[in-house]
Amino acid sequence: MKRGHPPAPQGRKGRPAREADTSGCSRGLVVSTHGRHVVVEPEEGPRLICHPRGKKSEAVVGDRVLWQHTLDGGDEGVIVQVEPRRSLLWRQDEWRSKSFAANLDQLLMWIAVEPVFSEAQLTRALIAAESADIPPTIVLNKIDLPGADAARARLAPYRAMGYRVVELSLKADTEGARAQMAPLLDGKATLVLGPSGAGKSTLINTLLPEARAEVGEISQALNSGRHTTTTSLWYWMDKAAGTAVIDSPGFQEFGLHHIPPTDLARWMPDIGKHVADCRFHNCTHRQEPGCAVRAAVERGEVSPIRLSLFNDLFEELSQPRW
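Residues 545 to 866 in the working numbering are what the sequence shown lists, from first letter to last.
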């Protein structure tokens with residue numbers, strides 16, 4: 545598989561998949577995934593569960609698909625084709641890839657004062673978003689807690705790089721937080737990504753009191769939990785305006801093996817700003833003389849933590865894959 549691109553659908557023995565016969569198909573939106581099964585929202589009618597035509601489902605939440613009813617005339621469908629995507633956020637560890645959602649307009653990296661967020665996780669998510677051409681915004685929740693100033697200080701380098709950072713407290717100032725989020729989300733398909741405990745579920749419940757009803761509707765489509773648990777869920781806030789929020793489960797690891805190590809500085813703007821000024825074109829920014837990146841660290845222009853993260857990631861992505 546070529547690094548930097550998600551795997552393309554394949555036919556038997558690795559040959560490219562043949563053009564599907566889409567005559568008689570209807571269009572729909574994938575609103576949740578459950579193993580090989582997905583829930584599709586048709587342009588008209590109730591949501592229904594759909595199966596892939598082949599052995600493996602290529603569809604992810606946010607995909608627009610062409611589908612048709614099963615041959616037995618039941619209330620389920622078959623996905624015939626996934627329509628071209630304009631974006632896809634995904635991660636890849638050493639052995640497998642995992643897609644979060646497709647056709648996104650932005651990513652909200654949702655972190656909190658407590659539990660203390662991981663800069664390594666934050667950096668990895670930002671790199672994945674930037675490389676997928678999905679604009680990211682960092683949201684710091686629970687700023688009413690005592691550790692807020694320390695969290696702000698840790699995010700100062702990201703503000704300096706040009707990342708938008710929004711501060712709020714969903715529980716302490718619910719109405720204020722709602723007012724902050726409304727214009728940020730308006731007219732966009734937004735994936736909310738972040739660690740467990742940061743308040744993503746509180747956000748969904750605050751913005752979408754009817755969210756439980758949507759989950760119930762999906763459960764009903766899945767026939768009372770016959771299928772595996774969903775990974776992400778698409779919620780409409782304003783369907784006519786195209787405003788949607790995609791909730792994702794908390795994550796512990798965020799593999800970036802789809803990013804070539806030589807491209808890493810490109811997606812870390814504070815590092816990339818100085819790389820071209822290094823004396824050696826293949827500078828590792830560890831001990832070489834004339835390293836512009838280390839000089840920037842010494843001048844206080846680059847955080848030492850960010851350089852450490854870069855070096856660790858570069859080493860990880862440079863390891864041979866068997």
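Positions of the beta carbon are idealized from the N, C-alpha and C atoms, including for glycine. Model, not experiment: these values are computed from the prediction.
field: Residue closest to C822, alpha-carbon to alpha-carbon, out of R668, Y702, R838, D619
entry: In the sequence shown, residue 822 corresponds to position 278, counting from 1. Closest option to C822, Cα to Cα, is R838.
- request: In angstroms with no decimal places, state the Cα-to-Cα distance between G784 and K732.
  value: On the sequence shown, position 240 is the one that residue 784 refers to. On the sequence shown, position 188 is the one that residue 732 refers to. For the record, residue 784 in the displayed sequence is Ala; it is not Gly. Distance between the alpha carbons of A784 and K732 is about 11 Å.
- prompt: Are the segment 626 to 646 and the segment 713 to 731 in contact at 8 Å, needing three or more beta carbon pairs?
  reply: no
task: Name the one or two DSSP bridge partners that H578 has.
output: Position 34 of the sequence shown holds residue 578. Per DSSP, H581.
- prompt: What's the gap between the Cα of Q863 and the Cα of P804?
  reply: Locating residue 863 in the sequence shown gives position 319, counting from the first residue. Locating residue 804 in the sequence shown gives position 260, counting from the first residue. Between Q863 and P804, the C-alpha separation is close to 11 Å.
message: Quick check: what's the CA-CA separation for R722 versus D649?
response: Start at 1 with the first residue of the sequence shown, and residue 722 comes out as number 178. Start at 1 with the first residue of the sequence shown, and residue 649 comes out as number 105. In a straight line, the C-alpha of R722 is about 20 Å away from that of D649.
- prompt: Which residue or residues does DSSP assign as beta-bridge partners of I623?
  reply: Numbered from its first residue, the sequence shown carries residue 623 at position 79. Answer is P596, W611, bridged to I623.
query: Nearest-angstrom Cα distance between M812 and G834?
result: Taking the first residue of the sequence shown as 1, we reach residue 812 at position 268. Taking the first residue of the sequence shown as 1, we reach residue 834 at position 290. One C-alpha to the other measures close to 20 Å.
field: Cα-Cα separation, Y588 to D782
entry: As a position in the sequence shown, residue 588 is number 44, starting the count at 1. As a position in the sequence shown, residue 782 is number 238, starting the count at 1. The residue asked about is misnamed: residue 588 is Glu in this sequence, not Tyr. Whole-angstrom Cα-Cα distance: 17 Å.
message: Going by DSSP in three states, Y702 sits in which element: helix, strand or coil?
response: Mapped onto the sequence shown, residue 702 falls at position 158. Three-state DSSP puts Y702 in a helix.
message: One question on the structure: do L651 and I678 come within less than 8 Å of each other, judged by their Cβ atoms?
response: By one-based count along the sequence shown, residue 651 stands at place 107. By one-based count along the sequence shown, residue 678 stands at place 134. Yes.
query: In angstroms, rounded to a whole number, what distance separates the CA positions of I671 and V789?
result: Position 127 of the sequence shown holds residue 671. Position 245 of the sequence shown holds residue 789. Distance between the alpha carbons of I671 and V789: 21 Å.
CB contact flag (D807, V846, <8 Å): In the sequence shown, the residue the question calls residue 807 occupies position 263. In the sequence shown, the residue the question calls residue 846 occupies position 302. No. Outside cutoff.
- request: Going by CA-CA distance only, name the one from E638, C594, N647 that's closest to V624.
  value: Indexing the sequence shown from 1 puts residue 624 at position 80. Of the listed residues, the one whose Cα sits closest to V624 is C594.
query: So, is the C-beta of T566 closer than 8 Å to a C-beta in chain D?
result: Judged by its chain identifiers, the structure shown contains no chain D, having just a single protein chain.
field: C-beta atoms of S776 and S570 nearer than 8 Å
entry: Residue numbering aside, residue 776 sits at position 232 when the sequence shown is read from its first letter. Residue numbering aside, residue 570 sits at position 26 when the sequence shown is read from its first letter. No, the Cβ-Cβ distance between S776 and S570 is not below 8 Å.
message: Looking at the secondary structure, which residues open and close the beta strand (DSSP E) in which T787 lies?
response: Here residue 787 corresponds to residue number 243 of the sequence shown, with the count starting at 1. Where T787 is concerned, the enclosing beta strand (DSSP E) stretches over 787 to 791.
message: Between G621, K642, E754, R668, which has its C-alpha nearest V605's C-alpha?
response: The residue given as residue 605 occupies position 61 in the sequence shown. Considering only alpha carbons, the answer is K642.
- prompt: So the alpha helix (DSSP H) N855 belongs to, where does it begin and stop?
  reply: Here residue 855 refers to the residue found at position 311 when the sequence shown is read from its first residue. Residues 848 to 862.
field: In chain order, each beta strand (DSSP E) run of at least 3 residues that lies wholly inside the segment 619 to 696
entry: 621 to 626, 632 to 636, 641 to 646, 650 to 656, 680 to 685
task: Take the Cβ of D628 as the centre, count every other Cβ of all protein chains shown within 10 Å, and call the residue buried at 16 or more, exposed below.
output: In the sequence shown, the residue the question calls residue 628 occupies position 84. For the record, residue 628 in the displayed sequence is Pro; it is not Asp. Exposed, because fewer than 16 other Cβ atoms sit within 10 Å of the Cβ of P628.
task: Look at the alpha carbon of A645 and the alpha carbon of L735, and state the distance between them as a whole number of angstroms.
output: Indexing the sequence shown from 1 puts residue 645 at position 101. Indexing the sequence shown from 1 puts residue 735 at position 191. Straight-line Cα distance between these residues: approximately 7 Å.
- prompt: Mapping DSSP to helix, strand and coil, what is A564?
  reply: Translated into the one-based positions of the sequence shown, residue 564 becomes position 20. Note: A564 maps to coil in three-state DSSP.
- prompt: Count the other CB atoms within 10 Å of the CB of D791; is the residue buried (16 or more) or exposed (fewer)?
  reply: Here residue 791 corresponds to residue number 247 of the sequence shown, with the count starting at 1. Answer is buried; the Cβ neighbour count reaches 16.
message: Using C-beta distances below 7 Å, list every residue in its chain close to L853, excluding the 5 sequence neighbours before and after it, in chain order.
response: Along the sequence shown, one-based indexing puts residue 853 at 309. So the list reads E663, A664, T667, once near-sequence residues are dropped.
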